[in-house]
Ligand code: M6R
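In UniProt numbering, the protein residues as written are 250 to 615.
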């Protein structure tokens, strides 16, 4: 059932072009300029009246929530807050009847997320679920929802669940932006069309596998690793670090690139690999200066760049090139080589890739 792949994780990484397509099939009609999602349409007024959107999740799903925060606020101008379900449920949170809560969970069984949903419902909020597992507890406990249609994810390290969660949340953001009139018609169409190109571009991003493997061989024994990104790619840095730590047991941290000078820069020396997500988009120049700061302290730079990039290539020790897409969709591409990098490092360290120590696929206890 691994379909010829050595591990489920690798198989699931490679499934991403197809499952992203499955996620938007029947929902995205780029030529007609239509997004159709029953769970959103049936509750459109609740979304449009939302004074605030609260996103609750754990782990990788929480990272997808952070990407969605940037996308939802940019597209719809609705204020968004993203919370760890475990913190939310125990801190007497402010939940108002006009809040829309979006709970994100691959398994649909995460205990803290489930408890946070129950709490939000008790306070009268409308709760929308983004789950992968059909019929799961969270999908039953929420008022409405949208499935990610990623198919079973067996590897403990979440990969295709993450990219399909982002896809669903992007569709929701675009539909709300259309209904609210917060995005110009031309931008709306451009995003729809670009979203339709994503599976082919993910396919291309998967061709970085050999480069990722070669870089893995150089850094597999590193005790630490930093991941930096800005804007839409800041959560990708967090996700890249989580993926590395959970399957290879290398200590890794993700940061917004500009936060480096507020502390983490002290860690940089010639031993420290720093993965910088630096696609050609807004903040590019700022990321380039962050790279210069790392370089002047002899840090080893592994940069994820847009195909054809010259500026970062001249500075970095290694570059991984992904296709160009519009800013908001770039996490769907920049994530791919980071998944591959972690995978190869874990394999080279003889780690149990699909079932890392101390971890379970569904965390059904708090
Ligand atoms: O099933 P969920 O999406 O609710 O799970 C949340 C986390 O437990 C999960 O994403 C975890 O962090 C993964 N091992 C990350 O790869």
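Note that CB positions come from ideal geometry on N, CA and C, so glycine has one too.
Query, Result
"Under 7 Å between C-beta atoms of residue 271 and residue 398", "yes"
"Close beta carbons around residue 594, own chain, < 6 Å, minus the five adjacent residues each side", "465, 469, 497"
"Same chain, Cβ closer than 8 Å to residue 487, neighbours up to 5 away in sequence not counted", "312, 315, 476, 503"
"Contacting residues, own chain, Cβ-Cβ under 7 Å from residue 417 (five flanking each side not counted)", "272, 379, 395, 397"
"Where residue 292 sits in the DSSP three-state scheme", "coil"
"Cβ neighbour criterion (16 or more within 10 Å) applied to residue 363", "buried"
"Nearest to residue 570 (by Cα), restricted to the options 392, 578, 583", "583"
"Residue 275 versus residue 420 - alpha carbon distance", "12 Å"
"Where residue 412 falls, given that 16 or more other Cβ within 10 Å makes a residue buried", "buried"
"Cβ pair residue 479, residue 454 closer than 7 Å", "no"
"Delimiting residues of the beta strand (DSSP E) encompassing residue 479", "Taken as a continuous stretch (DSSP letters only), residue 479 belongs to no beta strand (DSSP E), as it is neither H nor E."
"Secondary structure, alpha helix (DSSP H): runs of 4+ residues fully inside the segment 433-499", "434-454, 458-468, 483-497"
"Simplified DSSP assignment, three categories, for residue 278", "strand"
"Run of the beta strand (DSSP E) containing residue 301, from where it starts to where it stops", "301-306"
"Top-ranked residue by Cα proximity to residue 463, from 590, 510, 283, 436", "590"
"7 Å Cβ shell around residue 259 - same chain, five flanking residues per side excluded", "592"
"Rounded separation between residue 406 and residue 495 - CA only", "7 Å"
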